[in-house]
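Data first, discussion second: the structure below is written as C-alpha cells.
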Amino acid sequence: MKHTLTIRGTLLGGCLALAASAVSAQELRGWNIHVEDYPVSIAMESFAAEVAEKTGGAVSAKIFHNGVLGSQPDAIEQIRLGVLDFGEFSLGPMGTSVPETNVVSLPFIFSSIPEMYELMDGEVGDAIGAGMIERGIVPLGWYDAGARSFYNSVRPINTPADVEGLKIRVMNNDLFVQMVESMDGNATPMAFAEVYQSIQTGVVDGAENNPPSYESTSHFEVAKYYSLTEHLIIPECLCMSKQSWDKLSPEHQDIVMAAGRASADLQRELWQEREAASMEIVQAGGTTVNTIADKAPFQEAMAPVYEAFLADNPDLADLVNLIRN
Ligand code: BDP
4 MKHTLTIRGT
14 LLGGCLALAA
24 SAVSAQELRG
34 WNIHVEDYPV
44 SIAMESFAAE
54 VAEKTGGAVS
64 AKIFHNGVLG
74 SQPDAIEQIR
84 LGVLDFGEFS
94 LGPMGTSVPE
104 TNVVSLPFIF
114 SSIPEMYELM
124 DGEVGDAIGA
134 GMIERGIVPL
144 GWYDAGARSF
154 YNSVRPINTP
164 ADVEGLKIRV
174 MNNDLFVQMV
184 ESMDGNATPM
194 AFAEVYQSIQ
204 TGVVDGAENN
214 PPSYESTSHF
224 EVAKYYSLTE
234 HLIIPECLCM
244 SKQSWDKLSP
254 EHQDIVMAAG
264 RASADLQREL
274 WQEREAASME
284 IVQAGGTTVN
294 TIADKAPFQE
304 AMAPVYEAFL
314 ADNPDLADLV
324 NLIRN
C-alpha cells in the first residue's frame, strides 16, 4: 500500500511538472522561403538558438525553410493573424498589407547598400516598423537583400528599350508591375516557387532578383542573361506576429528582440560573402553578366512609378523625402 502511494505520488508529481512546462514553454513556428544554406536561413537558425539558450528553453523556435509553409503573401497574412509566429520577409510583397513598406519598393530609392543600412537602422526603419506594428507585425531585425537586377532567356538588357516586349515575373505588388510596364515590358506577378518552371517553359522570359536568389533557385540555368540594373534595393525583415509577441513575458520579449538584432548583424555579414560566391557560380554556369555604366535612362523610365505613388499616397511623401534627401 505504501509502495503504491509512492508511485502515485511520483506520477502525480510528474504530471504536474509536465502541465506546468506545457503552460510556460512556448514553441514558435517560423516561415522561411529560402534554402537551408542561404544567409537568411543561417541567421534565422542562429536567432532560434539564441532565443532557446537565453530563455533556458522556455521559448524555442522551429523554422520551416524552403517555403514549405506556403507563399510569401499568404505567410505575411498568417503572421498578422497569429497563425505563424515569425518569419523572414522581403518588404516588397508586404506593401499590400503595410503601406509604409512600399516606399522601399520604389525603384532606385536608396542610392547604395550602406545608405540603406544607415536609414533602416535609423528614422526610416523606425517609421516603417511603426507601420508594421500597427498591422500586427513586429520587426526584430532588418536583413540585407542586396540589389535586384533583371535576368532573362532572350537578350542582355542594356537600356530600358531592351525590356520592351519581355515577359517578366515580379513579386506580388502593383509597384513592380508598373515598374516593368514603364519600360513597355509585360509584368506577371507570380509566387517565387513557380518562377523556375515558368521561365523554363516560356510562360515568362525572365524575372529580377539579387545574385544569391538568382543562383540558389537555379534560375540562372534557364535565364542566362543577367543585367546588373540594380533597380531595387529592398531590405528584408525578421519579424514576429504581434499576437505571438504579446504572449511573451517582457523579459522574453527583450531576449527575442536582442536575438533578432544579433541575427541581422550575422545575416549582413553572410550576405556579402554569398553575393560574391553566387556571382562566381552563375558565371561558371554560363551566365552572361553585363553591368550598366549609366543607370540614368532606367531611372528616367521608371520615374512615373514615383509620380503615381506620390499622387496616390500623399501621406507617405515625407517618408519618401526622408530617404531621398
Ligand atoms: C528574394 C527574397 C524573397 C522573395 C524573392 C522573390 O529574399 O523574400 O520572395 O526574392 O522574388 O530575393 O519572390
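Start counting the sequence shown at 4; every next residue gets the next number (my numbering).
Yeah, the Cβ is synthetic: ideal placement off N, Cα and C, and Gly gets one too.
Exercise. Roughly how many angstroms lie between the CA atoms of residue 145 and residue 122, to the nearest whole one?
Worked result: Numbered from its first residue, the sequence shown carries residue 145 at position 142. Numbered from its first residue, the sequence shown carries residue 122 at position 119. Residue 145 and residue 122: Cα-Cα distance of roughly 11 Å.
For this session: May I ask you to verify whether the region 232–239 touches the region 66–83, counting CB pairs closer than 8 Å and requiring at least 3?
Result: no
Problem set entry | Reduced DSSP category for residue 225 - H, G, I as helix; E, B as strand; rest coil | Taking the first residue of the sequence shown as 1, we reach residue 225 at position 222. Reduced to three states, the DSSP call for residue 225 is helix.
Problem set entry | Inter-stretch contact at 8 Å, needing at least 3 Cβ pairs: the region 281–294 / the region 214–231 | yes
Exercise. Quick one, which of 85, 141, 89, 147 has its alpha-carbon nearest residue 115's?
Worked result: Taking the first residue of the sequence shown as position 1, residue 115 is located at position 112. The shortest C-alpha separation from residue 115 is found at 147.
Problem set entry | Residues near residue 45 in its chain [Cβ-Cβ closer than 7 Å; skip 5 each side] | Sequence index remark: in the sequence shown, residue 45 carries index 42 (1-based). Result list for residue 45: 273, in chain order.
Exercise. So, are the CB atoms of residue 87 and residue 32 less than 9 Å apart?
Worked result: Position 84 of the sequence shown, counted from the start, is the residue given in the question as residue 87. Position 29 of the sequence shown, counted from the start, is the residue given in the question as residue 32. The answer is yes: Cβ separation under 9 Å.
Problem set entry | Beta-bridge partners of residue 156, as assigned by DSSP | The sequence position of residue 156 within the sequence shown is 153, counting from 1. None; residue 156 has no bridge partner.
Exercise. Can you round the beta-carbon distance between residue 183 and residue 190 to whole angstroms, since I take them to be within the 8 Å contact cut?
Worked result: Taking the sequence shown and counting its residues from 1, one reaches residue 183 at position 180. Taking the sequence shown and counting its residues from 1, one reaches residue 190 at position 187. Contact holds; Cβ gap of about 4 Å.
Exercise. Where are the alpha helix (DSSP H) runs, 4 residues long or more, that stay fully inside the region 178–234, in chain order?
Worked result: 198–203, 214–219, 222–225
Problem set entry | Given residue 85 as reference, the closest of 285, 136, 201, 307 once Cα atoms are compared | In the sequence shown, the residue the question calls residue 85 occupies position 82. Comparing Cα positions, the closest option is 136.
For this session: Please list, in chain order, all residues of the same chain as residue 132 whose beta carbon is under 7 Å from its beta carbon, the five residues on each side excluded.
Result: Here the question's residue 132 lines up with position 129 in the sequence shown. Around residue 132: 142.
Exercise. From residue 99 to residue 242, what distance separates their C-alpha atoms?
Worked result: One-based indexing of the sequence shown puts residue 99 at position 96. One-based indexing of the sequence shown puts residue 242 at position 239. The alpha-carbon atoms of residue 99 and residue 242 are separated by roughly 17 Å.
Exercise. For chain D, is any of its Cβ atoms less than 9 Å away from the one on residue 215?
Worked result: You won't find chain D in this structure, because it holds only one protein chain.
Exercise. Can you check whether the CB of residue 94 is closer than 9 Å to the CB of residue 309?
Worked result: Translated into positions along the sequence shown, residue 309 becomes position 306. Translated into positions along the sequence shown, residue 94 becomes position 91. Not closer than 9 Å, so no.
Exercise. Between which two residues does the alpha helix (DSSP H) harbouring residue 64 extend?
Worked result: On the sequence shown, residue 64 is found 61 positions in, with the first residue counted as 1. Careful: residue 64 lies outside any alpha helix (DSSP H), inside the beta strand (DSSP E) at 62–67.
For this session: Starting from the Cα of residue 253, find the closest Cα among 62, 49, 42 and give me that residue.
Result: If you number the sequence shown from 1, residue 253 lands on position 250. The option with the nearest alpha carbon to residue 253 is 62.
Problem set entry | residue 324: CB within 8 Å of a non-hydrogen atom of the ligand BDP | Counting from 1 along the sequence shown, the entry for residue 324 is found at position 321. Not so, every heavy atom of the ligand BDP lies at least 8 Å from the Cβ.
For this session: Can you give me the Cβ contacts of residue 178 inside the same chain, cut-off strictly under 8 Å, excluding the 5 residues immediately before and after it?
Result: Numbered from its first residue, the sequence shown carries residue 178 at position 175. 98, 105, 108, 109, 308, 312.
For this session: State yes or no: is the C-beta of residue 245 within less than 9 Å of the C-beta of residue 171?
Result: As a first step, residue 245 must be located in the sequence shown, where it is residue number 242. As a first step, residue 171 must be located in the sequence shown, where it is residue number 168. Cβ atoms of residue 245 and residue 171: not closer than 9 Å.
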